[in-house]
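Reading through the structure tokens given below for one structure.
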Amino acid sequence: MKPVRPLYTAPLRSEQPESGCLILRDGTTADIRPAEASDAAMMQEFVSRLSPEARRHRFFSETAPSGDFITGLCDSCEPCTQFTLVVTRMWKGAVRIIAAGSYWARNEHTAEVAMAVDDEFHGKGLGTLLLERLALVAIHHGFTKLWAVTHADNSAMREVFRESGFTASEAYEGDDMEVELSLLPTEATVHRAEVRERLSTTASLRPFFYPQSVAVIGASRDPKSIGFRLIDALKTNKFRGALYPVNPKATELAGLPAFPSMHSVPRPVDLALIAVPAETVLSVVDDCASAGVRALLVITSGFAEVGRQGHALQAQLLKHVRQHGMRMIGPNCFGLMNTDPRVRLNATFTSVFPLPGRVAMSSQSGAIGLATLAGSRRFHIGISSFVSIGNKADVSTNDLLQYWEEDPATGVILLYMESFGNPRRFARIARRVSARKPIIAVKAGRSSSGRRAAGSHTAALAASDVAVEALFHQTGVVRARRLDDMLAFAAGFGAQPLPPGRRVGIITNAGGPAILCADACEAGGLSVPQLSTHTADALLAFLPSTAARTNPVDLIASATPEQYARAITTLLAAEEIDALIILYVSVTVADTADIAEGITRGIEHARTAGAKDKPVIIAWMAEGDEHRVFSLPPETIPVFALPETPALVLSNMAAYTEWRQRPIGVVPDFDDLELSAVRTICGAALSQRGNSWLTTEETSSVLSAAQLPLQPGEVVHTADEAVALADKVGWPVALKLASRQIVHKTEVGGVRLNLSTAQSVRDAFESIKTQLAERNQLAAMDGVLVQPMMTGGVEVMVGVTHDPLFGPLIAFGLGGIHVEILGDVQFRITPLTDRDAAEMVRGIKGYRLLSGYRGHPAADIEAIEDVLLRISRLVEEIPEIIELDLNPIFALPPGQGCRIVDARIRLETHA
Ligand code: COA
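Okay, here's the thing in structure tokens:
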């Protein structure tokens, strides 16, 4: 078996893992960032504060190090040589360093690491988090190992090394222990980091969902104001904890005693809702911090969504929140709900409280959240919790996914998204969560005008839809195109079992809706199979001869409740059926209640008889009785008004089930990839020319180092050399302009194919030169590439483009013109698993050409997949490769591999 790498989406360099927020094991937070020269005084104070033992462990001496040493420590300008990270927190009235860690290069591959955590902050997982971040920075600067020497009695440090999961080797030297950690990600490092992140994130969010006490700051006396409605919603919906309105101008609000400030609130407050004017929010946050509040929900708008000044205010707000180790939802949000009867928390300014249930929802738009909550009642969807994340300055969709992953009350997760903060982190988390609970997402901003609106609405960064589509596909996220679809999917996924297969039975009392429903089933990849003789005979026993006893089963307009009941029981018991759609068009309003009773009875019987794993969905077209509920506790049957909707829901449920059943895939490791050679070539090209295309020779060297199957060929500079080379590589040959500057060679007459004589090679060479000269572009000619002509095989292409937010995106399609004209391309984000590569190749419409079509030989699919996986690894490892195009690649018959005939690579340094 080939060695594999863990499926891990490493942070992009642009994500700056060295700065941001750390969530500690106790759910509080701290800031992390590179040390600066101006930190020297704070660092000195930190070191002096350490206990003598801690100083001995960190500096091998109990006396504080010299000022020069401290100054040196605070210099992170040359991360290839030395780097220090500091963790800060507002503590005892000032911002202080509470942990610091550094590395120093020992050689090209190994850096020495050392760190210290303030004694007061031991036991909160800070050391491990610090090591994890230092390791990420070290990896980004080319180190593959960390080395540390520590006292053998320093059990805390040894625990940090163990907890990190990095493969470690230990050696003892007297009282000291030397540890070498390999920084290559392993299953253990990835798994432990994920568990750590999930546990700490969940702990930090718990006070939002399960507060014992809530304060509303800005609780206004005006009953129409947001502040008043917040108090009112909490009170009316019977919040189970203590409630404290805070308003300096009121003594009583909504029948509750009011407090002039947070300091006068008599008991500790877990969650503070802030609805004061924007310019007052910062001081209120500071008051909350000194009153010991850990969770803030900022309703107030006027932050990043309103432009530059708002951005600056939001940055300040976040700084205050982080310095105090708190967490914040918002600003500019609509609030939060938890329907758990033990809390009954409606911390929003609507009094509409949803039905309790299994569906959790996060919405980036307050209004959409409100509309969805209203819709959830219409579709009888029970909600577990709801969060309007607003500008998501701190708490993000990714955090909430991790909370809901472990939340026993939540079975389905809905996301309304306008932007991605960190799609690569989303990929990591969503893939894991989807394997346990379905995530249904609406990503708004697909159209360019939609994206503009999103940009101005929630200061959203528009992401290319191709990347979003790929991301959702790879992570098993069910994409809803419209809000209505999201609600329909929530009703299906939330209330019914996942279908064991794609075979659907349809029962109807009218032909037209059944045809539409069957068409929609097939369009969604479901089948409406013929019924077995056994099932048809069972139907024959109670249906009139005029009824259709095939699938769809048409009970005709005279259908009775009893016939519905028996047909349902029969189809749900049928082995050839995985899911059932029941259609009903009312003939007379008077009949609908009886028919509904027959349907309910039929489902009940079938469930009791053992057909528990087959979903049932109803399309109820009953004029005057549109809002009928089919409730068979604990089950609710989703009911829709149109016959196509159940088909759409079931096809998405079936696709998700299949996604979950397939193995997640592995990222193969290629130990023959000569990455250091590629780094050298790219590094030299970048330092000589800056951002640019690689030359033909450099491109060949990079592809050869990655062991990619390049068609042989060399660049020549004269017609004589071209003829000599043609003799060497074999006739007939192709001549291609070699130029870093001219990307589209064909357009300047730079490609000549099928040359089989010396004279034709000479003519082609001269003609390429002449054409360039005529265009005044002769200086752009680096030479001419001579290659033997390829024959046979199917032309395909592999490309890479870089999305600033998503990172590398890999494309696969048929080569040549097909890709541009037909747009028959599959995209995926990296890293690719073997499953991704297999799905890409099979996902294009032209796959039939690759699998052998009408006498054409099949192509070597395995070889194409190998190219895709190698390219994925290459661009993940060498992020400077910003664009890559292998087009065409000739895919030869099975066993004969493929040949890359044309390639170009563009490099860009990262800021
Ligand atoms: N501490 C406690 N209470 C304070 C306070 C403070 N530091 N500062 C002001 N207040 C009180 C005021 O006294 C007032 O109470 P009163 O009406 O009884 O006098 C109340 O808070 C509201 O203050 P006010 O100045 O009247 O603010 P406002 O009503 O104009 O606006 C917001 C407050 C937050 C609602 C408003 O700024 C806002 O952002 N609205 C939009 C919210 C929104 O749409 N969010 C997104 C939803 S998706």
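My numbering applies: residue 44 is where the sequence shown begins, and numbers increase by one.
All residues carry an ideal CB built from backbone N, CA and C; glycine is no exception.
These numbers were taken from a predicted model, which means no experiment stands behind them.
* To do: Compute every distance between the C-beta of residue 440 and the non-hydrogen atoms of the ligand COA, then say whether any falls below 6 Å.
  => Here residue 440 corresponds to residue number 397 of the sequence shown, with the count starting at 1. No, since every heavy atom of the ligand COA falls outside the 6 Å radius drawn around the Cβ of residue 440.
* Asked: By how many angstroms is the C-alpha of residue 389 removed from the C-alpha of residue 261?
  -> Residue numbering aside, residue 261 sits at position 218 when the sequence shown is read from its first letter. Residue numbering aside, residue 389 sits at position 346 when the sequence shown is read from its first letter. Using only the alpha carbons, I get a separation of about 17 Å.
* Would the beta-carbon of residue 313 be found less than 6 Å away from any heavy atom of the ligand COA? -> What you label residue 313 is simply residue 270 of the sequence shown in a count that begins at 1. Distances between the C-beta of residue 313 and the heavy atoms of the ligand COA are all 6 Å or more.
* To do: Assign residue 364 to buried or exposed, taking buried as 16 or more other Cβ atoms, counted over all protein chains shown, within 10 Å of its Cβ.
  => Taking the sequence shown and counting its residues from 1, the one referred to as residue 364 is at position 321. Residue 364 should be labelled buried.
* To do: Quick one: measure Cβ to Cβ for residue 768 and residue 811, integer angstroms, because I've assumed they're closer than 8 Å.
  => Taking the first residue of the sequence shown as 1, we reach residue 768 at position 725. Taking the first residue of the sequence shown as 1, we reach residue 811 at position 768. Contact flag wrong, Cβ pair sits at about 15 Å.
* **DSSP three-state assignment for residue 845, whether helix, strand or coil** => To locate residue 845, count along the sequence shown from 1; it is residue 802. Residue state for residue 845 is assigned as strand, using DSSP reduced to three classes.
* With DSSP as the reference, please indicate the residues paired to residue 795 in a beta bridge. => Translated into positions along the sequence shown, residue 795 becomes position 752. Here residue 795 is bridged, per DSSP, to 778.
* **Euclidean distance between Cα positions of residue 203 and residue 231** => Numbered from its first residue, the sequence shown carries residue 203 at position 160. Numbered from its first residue, the sequence shown carries residue 231 at position 188. Distance between the alpha carbons of residue 203 and residue 231: 14 Å.
* residue 502 classed as buried or exposed, judged by whether at least 16 other C-beta atoms fall within 10 angstroms -> Looking up residue 502 in the sequence shown gives position 459. Residue confidence for residue 502 is low, a pLDDT of 34 falling below 50, so the modelled location carries little weight; the figure read from the coordinates is stated next. Its Cβ being crowded by 16 or more others within 10 Å, residue 502 is buried.
* May I ask you to check if the CB of residue 257 is nearer than 6 Å to at least one heavy atom of the ligand ZN? => The ligand ZN is not part of the structure shown, which contains the ligand COA as its ligands.
* To do: Tell me whether residue 320 counts as near the ligand COA, meaning its Cβ is closer than 6 Å to at least one heavy atom of that ligand.
  => Against the sequence shown, residue 320 aligns to sequence position 277. The answer is yes for residue 320.
* **Reduced DSSP secondary structure (H/G/I, E/B, other) of residue 342** => Reading the sequence shown from its first residue, position 299 is the one you call residue 342. Taken through DSSP and simplified to helix, strand or coil, residue 342 comes out as coil.
* Using CA coordinates, which residue listed in 880, 788 and 742 is at the minimum distance from residue 708? -> Within the sequence shown, residue 708 is the residue found at index 665, counting from 1. For residue 708, the nearest C-alpha among the options comes from 880.
* Asked: Taking the Cβ atom as the reference point for each residue, do residue 243 and residue 162 lie within a distance shorter than 7 Å?
  -> As a first step, residue 243 is located in the sequence shown; it is residue number 200 there, counting from the start. As a first step, residue 162 is located in the sequence shown; it is residue number 119 there, counting from the start. No, the Cβ-Cβ distance between residue 243 and residue 162 is not below 7 Å.
* Asked: Taking the alpha-carbon positions, what's the residue 189 to residue 103 distance?
  -> As a working mapping, residue 189 is identified with position 146 in the sequence shown. As a working mapping, residue 103 is identified with position 60 in the sequence shown. Rounded to the nearest angstrom, the two C-alpha atoms are 19 Å apart.
* Backbone CA spacing between residue 552 and residue 528 [nearest angstrom] -> Translated into the one-based positions of the sequence shown, residue 552 becomes position 509. Translated into the one-based positions of the sequence shown, residue 528 becomes position 485. Going by the C-alpha atoms only, they are around 25 Å apart.
* For residue 265, is the beta carbon positioned less than 6 Å from some heavy atom of the ligand COA? -> In the sequence shown, counting from the first residue as 1, residue 265 sits at position 222. Yes, the Cβ of residue 265 comes within 6 Å of a heavy atom of the ligand COA.
* What are the boundary residues of the alpha helix (DSSP H) that includes residue 263? -> Indexing the sequence shown from 1 puts residue 263 at position 220. Annotation for residue 263: no alpha helix (DSSP H) segment contains it, and DSSP assigns it neither H nor E.
* If you scan the stretch 306-376 from start to end, which runs of the alpha helix (DSSP H) of 4 or more residues do you find wholly inside it? -> 324-333 and 351-366
* Would you say the stretch 792-801 touches the stretch 753-761, given that touching needs at least three Cβ pairs under 8 Å? -> no
* To do: With residue 714 as the anchor, note down where its alpha helix (DSSP H) starts and where it stops.
  => As a first step, residue 714 must be located in the sequence shown, where it is residue number 671. Segment: none, residue 714 is in no alpha helix (DSSP H) and carries neither H nor E.
* In three-state terms, what does DSSP make of residue 64? -> Taking the first residue of the sequence shown as position 1, residue 64 is located at position 21. Strand.
* Three-way DSSP call (helix, strand, coil) for residue 511 in this model -> As a first step, residue 511 is located in the sequence shown; it is residue number 468 there, counting from the start. In this structure, residue 511 counts as helix in the three-state DSSP scheme.
* Does the count of Cβ pairs from the stretch 515-529 and the stretch 365-382 closer than 8 Å reach three? -> no
* From 871, 259, 951 and 621, pick the residue whose C-alpha is nearest to that of residue 657; which is it? -> Locating residue 657 in the sequence shown gives position 614, counting from the first residue. Taking only the C-alpha atoms, the option nearest residue 657 is 621.
* **Span of the alpha helix (DSSP H), counted from its first residue to its last, around residue 95** => To locate residue 95, count along the sequence shown from 1; it is residue 52. From DSSP, the alpha helix (DSSP H) with residue 95 extends over 95-102.
* To do: Keeping to the same chain, check which residues put their C-beta closer than 6 Å to that of residue 929; ignore five residues upstream and five downstream.
  => As a working mapping, residue 929 is identified with position 886 in the sequence shown. Within the same chain, residue 929 has close Cβ partners 841, 943 and 946.
* Asked: When the Cα atoms are used, what is the spatial distance from residue 505 to residue 406?
  -> For the purposes of this step, residue 505 is taken as the residue at position 462 of the sequence shown. For the purposes of this step, residue 406 is taken as the residue at position 363 of the sequence shown. In this prediction, residue 505 has a pLDDT of 37, which is less than 50 and means its spatial position is unreliable; what the coordinates show is noted afterwards. Looking at the two C-alpha atoms, the distance is approximately 16 Å.
* Determine the contact status of residue 858 and residue 838, defining contact as a CB-CB distance below 7 Å. => Sequence index remark: in the sequence shown, residue 858 carries index 815 (1-based). Sequence index remark: in the sequence shown, residue 838 carries index 795 (1-based). Yes. Within cutoff.
* **Length-filtered (3 minimum) beta strand (DSSP E) runs lying within the stretch 518-560** => 547-551
* Asked: Between residue 226 and residue 274, is the Cβ-Cβ spacing less than 7 Å?
  -> Counting from one through the sequence shown, the residue named residue 226 turns up at place 183. Counting from one through the sequence shown, the residue named residue 274 turns up at place 231. No, they are not a contact pair.
* Pair within 7 Å by beta-carbon distance, residue 425 and residue 399 -> Translated into the one-based positions of the sequence shown, residue 425 becomes position 382. Translated into the one-based positions of the sequence shown, residue 399 becomes position 356. Contact flag set, yes.
* Does DSSP classify residue 229 as helix, strand or coil? -> Along the sequence shown, one-based indexing puts residue 229 at 186. Of the three classes helix, strand and coil, the one that applies to residue 229 here is coil, per DSSP.
* To do: Could you tell me if residue 725 is buried or exposed, where buried requires 16 or more neighbouring beta carbons within 10 angstroms of its beta carbon?
  => Here residue 725 refers to the residue found at position 682 when the sequence shown is read from its first residue. Around the beta carbon of residue 725, a 10 Å sphere encloses 16 or more other beta carbons of the protein chains shown; the residue is thus reported as buried.
* To do: Please report how far the alpha carbon of residue 616 lies from the alpha carbon of residue 415, in whole angstroms.
  => Your numbering for residue 616 matches position 573 in the sequence shown. Your numbering for residue 415 matches position 372 in the sequence shown. Cα to Cα, residue 616 sits roughly 35 Å from residue 415.
* To do: Compare the beta carbon distance of residue 288 and residue 319 with 7 Å and say whether it is the shorter of the two.
  => Position 245 of the sequence shown, counting from 1, holds the residue named residue 288. Position 276 of the sequence shown, counting from 1, holds the residue named residue 319. Result no, Cβ atoms of residue 288 and residue 319 do not sit closer than 7 Å.
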